[in-house]
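K.L.:
Going by this note's numbering, the first residue of the sequence shown is number 24, and it counts up by one from there.
We treat Cβ as the ideally placed atom computed from N, Cα and C, and that holds for glycine.
Values in this document were obtained by computation on a predicted structure and should not be read as measured data.
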Amino acid sequence: MSAEESLLPTTTTTAASRADNRLPWVLTLSVGMGALLFGYHAGFSSPSEESVLEEVFENDRQAADLAWSILNVGAMVGALLCGPIASRYGRRPAVLLNCVPYIAGAVLMVISRGGARAMFTTGRLVAGAGVGYSSVIVPLYVAEIALPSLRGTLGCINQLNISGGVLVVSVLGLPIIAHAWWWRIMMIVSLGFVVLQFLPMLLLAPESPVWLCSSGKTEQARASLRQLRGSKYAVEDELQALVHHTEMDKANAGAESSSYVQLFSSQVRRPVVLGVLLMVLQQFSGINGVVFNMKSLFDNGSSSASYVSMLGSILVNAVQVIATAGACTLMERVGRRTFLLSSCVGMALSCSVMAVAVYYSLATYVKIFALFESAFGVARWNTDVGRRCGYMIMFAFGVGPLPWLLCSEIYPSSVRAVAMSLSTVTNWACSFLVTLLFDDMVLHIGQHGVFVFYAAVCLAGAVFFGATLPETRGLSLEQIEELWK
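1) Let me know the alpha helix (DSSP H) ranges lying completely inside the stretch 190-255, each 4 residues or longer, listed in chain order.
2) So does the stretch 177-186 actually touch the stretch 132-152, counting three or more Cβ pairs closer than 8 Å?
3) Closest to Pro162 by CA distance: which of Val422, Arg114, Val130 and Val123 is it?
4) Between the Cα of Leu46 and those of Leu177, Trp91 and Met142, spot the shortest distance and give me the residue it belongs to.
5) What ranges does the alpha helix (DSSP H) occupy inside the stretch 41-125, keeping only unbroken runs of at least 4 residues that lie completely in it?
6) When the Cα atoms are used, what is the spatial distance from Leu103 to Ser444?
7) Would you report the Cα separation of Gly484 and Val303, rounded to the nearest angstrom?
8) Go ahead and pull the three-state DSSP assignment for Gly484.
9) Short of 6 Å in beta carbon distance, which residues of its chain neighbour Leu353, apart from the five on each side in sequence? Order them along the chain.
10) Is there contact here, the stretch 144-163 with the stretch 53-60, by at least three beta-carbon pairs under 8 Å?
11) Is the separation between the beta-carbon of Trp451 and that of Asn95 shorter than 8 Å?
12) When the Cα atoms are used, what is the spatial distance from Pro232 to Leu225?
13) May I have the straight-line CA-CA distance separating Ser326 from Val441, to the nearest angstrom?
14) Can you list, in chain order, the residues of its chain whose CB lies under 6 Å from that of Gly196, leaving out five sequence neighbours each side?
15) At the level of alpha carbons, what is the spacing between Trp507 and Thr495?
16) Give the straight-line distance between the Cα atoms of Arg207 and Trp91, rounded to the nearest whole angstrom.
17) Please state whether the Cβ-Cβ distance between Ser247 and Leu235 is less than 8 Å.
18) If Phe362 sits next to Leu425, beta carbons under 8 Å apart, how far is it from one beta carbon to the other, in whole angstroms?
19) Just to confirm my understanding: we take Pro493, look at its own chain, exclude 5 residues before and 5 after, and list those with CB closer than 6 Å. What are they?
20) Figure out for me which residue from Leu498, Ala117 and Leu148 has the closest Cα to the Cα of Ser130.
21) Mind reading off the beta-carbon distance from Gly97 to Ala150? Whole number of angstroms is fine, and I expect it under 8 Å.
22) Could you tell me the distance, in whole angstroms, from the CA atom of Ala117 to the CA atom of Gly298?
23) Look up Tyr434 in the DSSP assignment and say whether it is helix, strand or coil.
24) Among the residues of its own chain, which have a CB less than 8 Å from the CB of Ile211, if the five just before and after it don't count?
25) So Thr145 is in the alpha helix (DSSP H); what residue range does that whole segment cover?
26) Just the Cα atoms here: how many angstroms apart are Ile503 and Ile433?
27) Might you give, ordered along the chain, the residues of its own chain that have their beta carbon closer than 6 Å to the beta carbon of Gln305, omitting 5 neighbours on each side?
28) Does the distance from the C-beta atom of Ala139 to that of Val79 stay below 8 Å?
29) Excluding sequence positions up to five away, which residues of its chain have a Cβ less than 7 Å from the Cβ of Ala244?
30) For Leu76, which option in Thr491, Asp88 and Phe67 has the closest C-alpha, if you only look at C-alpha atoms?
31) Near Thr269, what residues of its chain come up, given a Cβ to Cβ distance below 6 Å and the 5 sequence neighbours on each side ignored?
32) Using only CA atoms, which one of Phe418, Gly215 and Val438 lies nearest to Ser288?
33) Report the three-state DSSP secondary structure of Val344 (helix, strand or coil).
34) With C-beta atoms as the reference, is Tyr156 less than 8 Å away from Asn181?
35) Would Phe67 and Val192 qualify as a contact pair, given that the criterion is a beta-carbon distance under 8 Å?
36) If I'm right that Tyr63 touches Ile200 with Cβ under 8 Å, what's the distance once you round it to whole angstroms?
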């Protein structure tokens, strides 16, 4: 038994105590619709940008750019609000509330007619609040209902759903080439995913046992654990561990528990700093730059090239989904640190290759779908998509899913919700900065210089987190808290 395990009540692993319930899987998929909608709204601009520009904004590109970028502002607001709401009212009500901005935002965009710029922009802002809110509540709820042996797998499903949302919206966007109004149908379809989040959470989901214990509702926490673990699982040991750590957290936290002020206390400073820096790494590793305006990279204005460019986007998104699914299946076998460090090194190599390719204008990569080049003359399609696919595989196996998973694990329960809010706001702020600065960086240091910068960030991340980040695989949330004491 490890030192950190010895500090806690242990859970028996006899056959009679093993969880046999599929409910956590169902709830992970249900609450994960919020993450899918995150990806859906984030990726919505790629297929629909030109149609919305012409129909709603009457070719005012500056106003349209504001509407697309304002999603980041809404996401930061939603992330800031989610932590206090989830701390005060509970995780389950917070998940149900997540449906409201998604519905309101989609409806406002759908009913926006020609010239209704303010309405569409407001809808985008409100939907962005839903996106930021999801960024906090989805990994938070999943981490608190999952067994330690499944938390890595279930936690990675968050990133899988985000990637899946981007893929779904890119596939659904194909008809927009022939039907400019199709973007409204795409927004209406998003409401179906809201229903898939709302109904199972309303009818099947218990409250988080962690939150119930922190609120002094021990009997309700016991009932929640029984519902989540199944009839054959001995919940008492797990419950006693939760109660024990709740009492310790309350004793250490004092009057500022569950507030942003508490994040600066000595007891939680180290995990909070690590969580924030994980989010900085994710965005400054170049994910937005590598897939920046993916569709426009291959589009020369013809309908055939537009179709091929959308297929290029779909291919890259599909590769990310497949790679993330692979990470989900292996996360509990390999470990968080190994995946994160390998991902950082792999992304650094990928960015270095892209820097060399851009600098020397290389076109000697293995061709992908050469038929498209010969048929449509899209000369850069093969090499650009191939390079980006390699990068996305490395991203999907570590730097993509792990910041969300680790932030839901490493924060003490007394501040987990508000700490998740802080790290998520950091993520969205960095995303905004990377997107905002991309063109200026290309102008001043060249595209190859940008990729060199991303490679350096990835290598720095590998060194820093290799020295500071503990392995959390197989540990309960309570055992992880002991690592910081």
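P.N.:
Reading off the structure:
1) Within the stretch 190-255, the complete alpha helix (DSSP H) runs of at least 4 residues are 205-226, 232-237 and 241-252.
2) The stretch 177-186, when compared against the stretch 132-152, does not touch it at the 8 Å Cβ threshold.
3) Here residue 162 refers to the residue found at position 139 of the sequence shown. For the residues Val422, Arg114, Val130 and Val123, the minimum Cα distance to Pro162 belongs to Arg114.
4) For the purposes of this step, residue 46 is taken as the residue at position 23 of the sequence shown. Taking Leu46 as reference, the option from Leu177, Trp91 and Met142 with the minimal CA-CA separation is Leu177.
5) Those alpha helix (DSSP H) runs which fall completely within the stretch 41-125 and span 4+ residues are 46-54, 56-66, 68-78, 84-112 and 114-120.
6) Start at 1 with the first residue of the sequence shown, and residue 103 comes out as number 80. Start at 1 with the first residue of the sequence shown, and residue 444 comes out as number 421. Between Leu103 and Ser444, the C-alpha separation is close to 5 Å.
7) Here the question's residue 484 lines up with position 461 in the sequence shown. Here the question's residue 303 lines up with position 280 in the sequence shown. Rounded to whole angstroms, Gly484 to Val303 spans 10 Å at the Cα level.
8) Position 461 of the sequence shown, counted from the first residue, corresponds to residue 484. In this structure, Gly484 counts as helix in the three-state DSSP scheme.
9) To locate residue 353, count along the sequence shown from 1; it is residue 330. Contacts found: none.
10) They touch, by the three-pair rule.
11) Looking up residue 451 in the sequence shown gives position 428. Looking up residue 95 in the sequence shown gives position 72. Cβ atoms of Trp451 and Asn95: closer than 8 Å.
12) Position 209 of the sequence shown, counting from 1, holds the residue named residue 232. Position 202 of the sequence shown, counting from 1, holds the residue named residue 225. In a straight line, the C-alpha of Pro232 is about 17 Å away from that of Leu225.
13) Here residue 326 refers to the residue found at position 303 of the sequence shown. Here residue 441 refers to the residue found at position 418 of the sequence shown. The predicted model places Ser326 with a pLDDT of 49, which falls under 50 and marks its position as unreliable, so this point remains unresolved.
14) Residue 196 sits at position 173 when you count from the first residue of the sequence shown. Around Gly196: Pro70.
15) In the sequence shown, the residue the question calls residue 507 occupies position 484. In the sequence shown, the residue the question calls residue 495 occupies position 472. So the two alpha carbons sit approximately 12 Å from each other.
16) Taking the first residue of the sequence shown as 1, we reach residue 207 at position 184. Taking the first residue of the sequence shown as 1, we reach residue 91 at position 68. Per the coordinates, the alpha-carbon of Arg207 lies some 15 Å from the alpha-carbon of Trp91.
17) Mapped onto the sequence shown, residue 247 falls at position 224. Mapped onto the sequence shown, residue 235 falls at position 212. In this structure, the beta-carbon distance from Ser247 to Leu235 falls below 8 Å.
18) On the sequence shown, position 339 is the one that residue 362 refers to. On the sequence shown, position 402 is the one that residue 425 refers to. Contact between Phe362 and Leu425 is confirmed by a C-beta separation of about 6 Å, below the 8 Å threshold.
19) For this step, residue 493 is matched to residue 470 along the sequence shown. Within its own chain, the residues whose Cβ lies closer than 6 Å to the Cβ of Pro493, once the five positions on either side in sequence are excluded, are Leu506, listed in chain order.
20) As a first step, residue 130 is located in the sequence shown; it is residue number 107 there, counting from the start. Here the sequence assigns Val to residue 130, which means Ser is not the residue at that position. Taking only the C-alpha atoms, the option nearest Val130 is Leu148.
21) Translated into the one-based positions of the sequence shown, residue 97 becomes position 74. Translated into the one-based positions of the sequence shown, residue 150 becomes position 127. At roughly 7 Å, the Cβ-Cβ gap stays under 8 Å, so Gly97 and Ala150 are in contact.
22) Counting from one through the sequence shown, the residue named residue 117 turns up at place 94. Counting from one through the sequence shown, the residue named residue 298 turns up at place 275. Their backbone Cα atoms lie some 22 Å apart in a straight line.
23) In the sequence shown, the residue the question calls residue 434 occupies position 411. DSSP places Tyr434 in coil when its eight states are reduced to three.
24) To locate residue 211, count along the sequence shown from 1; it is residue 188. Apart from sequence neighbours up to five positions away, the residues of its chain that approach Ile211 with a beta-carbon distance below 8 Å are Ala129 and Val133, ordered along the chain.
25) By 1-based counting over the sequence shown, the position of residue 145 is 122. Judged by DSSP secondary structure, Thr145 falls within the alpha helix (DSSP H) whose first and last residues are Arg140 to Ile168.
26) Residue 503 sits at position 480 when you count from the first residue of the sequence shown. Residue 433 sits at position 410 when you count from the first residue of the sequence shown. Computed Cα separation, rounded: 6 Å.
27) Within the sequence shown, numbered from 1, the residue matching residue 305 stands at position 282. Closer than 6 Å at Cβ, skipping near neighbours: Val422 and Pro426.
28) Walking along the sequence shown from the start, residue 139 turns up at place 116. Walking along the sequence shown from the start, residue 79 turns up at place 56. Yes, Cβ-Cβ distance for Ala139 and Val79 is below 8 Å.
29) Taking the sequence shown and counting its residues from 1, one reaches residue 244 at position 221. Correct list, in chain order: Pro232, Leu235, Cys236, Leu262 and Leu265.
30) Sequence index remark: in the sequence shown, residue 76 carries index 53 (1-based). Comparing Cα positions, the closest option is Asp88.
31) Taking the first residue of the sequence shown as position 1, residue 269 is located at position 246. Cys236 and Ser237, listed in sequence order.
32) In the sequence shown, the residue the question calls residue 288 occupies position 265. Closest option to Ser288, judged by alpha-carbon separation, among Phe418, Gly215 and Val438: Val438.
33) For the purposes of this step, residue 344 is taken as the residue at position 321 of the sequence shown. In the structure shown, Val344 sits in a helix (DSSP, three-state: H, G or I).
34) Taking the sequence shown and counting its residues from 1, the one referred to as residue 156 is at position 133. Taking the sequence shown and counting its residues from 1, the one referred to as residue 181 is at position 158. In this structure, Asn181 does not lie closer than 8 Å to Tyr156 by Cβ.
35) For the purposes of this step, residue 67 is taken as the residue at position 44 of the sequence shown. For the purposes of this step, residue 192 is taken as the residue at position 169 of the sequence shown. Yes, Cβ-Cβ distance for Phe67 and Val192 is below 8 Å.
36) Taking the sequence shown and counting its residues from 1, one reaches residue 63 at position 40. Taking the sequence shown and counting its residues from 1, one reaches residue 200 at position 177. About 19 Å; that fails the 8 Å criterion.
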